[in-house]
Structures are given as structure tokens and as C-alpha cells.
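Sequential numbering of the sequence shown, starting at 1, is according to the working numbering. This report refers to the structure that appears directly beneath it.
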Amino acid sequence: MSVSKQLIHLRNVKGISQEELASLMNVTRQAVSKWETDQALPDSEKIIRLSEIFGVTTDYLLKGKENDPIDIYSQHDSKAGTDMSAEVTEIIDNVHQMTTTKRCLIGIGIFIFVVIVIVGIIFIMKM
1 MSVSKQLIHL RNVKGISQEE LASLMNVTRQ AVSKWETDQA LPDSEKIIRL
51 SEIFGVTTDY LLKGKENDPI DIYSQHDSKA GTDMSAEVTE IIDNVHQMTT
101 TKRCLIGIGI FIFVVIVIVG IIFIMKM
């Protein structure tokens with residue numbers, strides 16, 4: 001599927017107009033229209049922003065995949081009867097927490113190393 005067809009599909013799934021998308025993208029409605037009619041392609045920054053707005057990867061926008069992430073999300077959500085967004089948020093929070101913990105441990109390690117070096121220098125100077 002081409003970028004233009006992807007944009008039309010994703011915009012319709014999300015239920016927003018060309019004007020609303022243009023406003024979210026800080027472009028004119030005419031720019032969105034040109035993207036959707038293959039008269040122009042969005043630049044790389046716009047592709048990234050579009051992927052954020054629609055919740056898809058840039059690969060999905062540019063290449064298209066057989067599995068539509070929005071459809072997969074909807075199917076999983078309805079089958080499981082759970083709130084996927086809460087699960088995703090929890091996973092992201094856990095990853096962020098692990099990253100913060102790792103940074104703290106690295107900081108403590110560096111601090112201990114510096115203290116040992118300073119104590120060693122002081123010990124050598126007293127000899």
C-alpha cells in the first residue's frame with residue numbers, strides 16, 4: 001500500500017478530517033491533500049510525526065505491512081477484554097524504572113571508584 005493510501009486509511013480509522021490532521025501536523029490542508037493524492041510526499045520529520053499521531057511505525061507508513069497494527073490492537077483488545085493501553089503503559093513504566101535503576105547503580109559505582117582513587121592518591125602522598 002502506498003503512503004497516500006496508508007494516510008487515507010489511518011486518518012479514516014482515527015476519524016479525523018484532513019483539516020484536523022493538518023492542524024496536528026502544523027501544515028495546510030492542501031499539503032495533506034497532496035500527500036493523499038500522491039502529488040507530494042511528507043518529509044522525514046513529517047513521517048515521524050504522522051507515525052506518532054497514528055500510533056504506527058514509520059515502516060508501516062512507508063512500506064505498509066499485511067498486518068495493520070490498529071486492527072491487531074482492536075482484535076486483541078476485544079478478544080482479551082482488557083485495556084491494552086493500561087498494559088502498554090505499565091510495560092513502559094517498568095522499562096523506564098529499570099533504566100532509572102540502572103543509571104543510579106552506574107552513578108553509585110562511579111562515585112565509589114572516585115572515592116577509592118582519591119583515598120589512594122592521599123595514601124600515596126603520605127608515604
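Where is the CB? At the ideal position from N, CA and C, for every residue including glycine.
Check, Outcome
"Beta-carbon contacts of Phe34 that lie in its chain and below 6 angstroms, excluding the five residues immediately before and after", "One detail in the question is off: residue 34 reads as Lys in this sequence, not Phe. Excluding residues within five positions, the ones whose Cβ falls inside 6 angstroms are Ala40."
"Which listed residue (Ile116, Thr99, Ser51, Ile108) has its alpha carbon closest to that of Leu10", "Ser51"
"DSSP state of Thr99 mapped onto helix, strand, coil", "helix"
"Pair within 8 angstroms by beta-carbon distance, Asp38 and Ser17", "no"
"With 16 other Cβ atoms within 10 Å as the buried cut-off, status of Val95", "exposed"
"Residue burial classification, Leu105 (beta-carbon count within 10 angstroms, cutoff 16)", "exposed"
"Range of the contiguous alpha helix (DSSP H) that encloses Asn12", "3-14"
"Three-way DSSP call (helix, strand, coil) for Asn26 in this model", "coil"
"Reference Val56, options Asp43, Glu87, Lys14, Gln30, closest by Cα", "Lys14"
"Proximity below 8 angstroms, CB of Leu61 to CB of Gln6", "yes"
"For Asp59, the first and last residue of its enclosing alpha helix (DSSP H)", "58-63"
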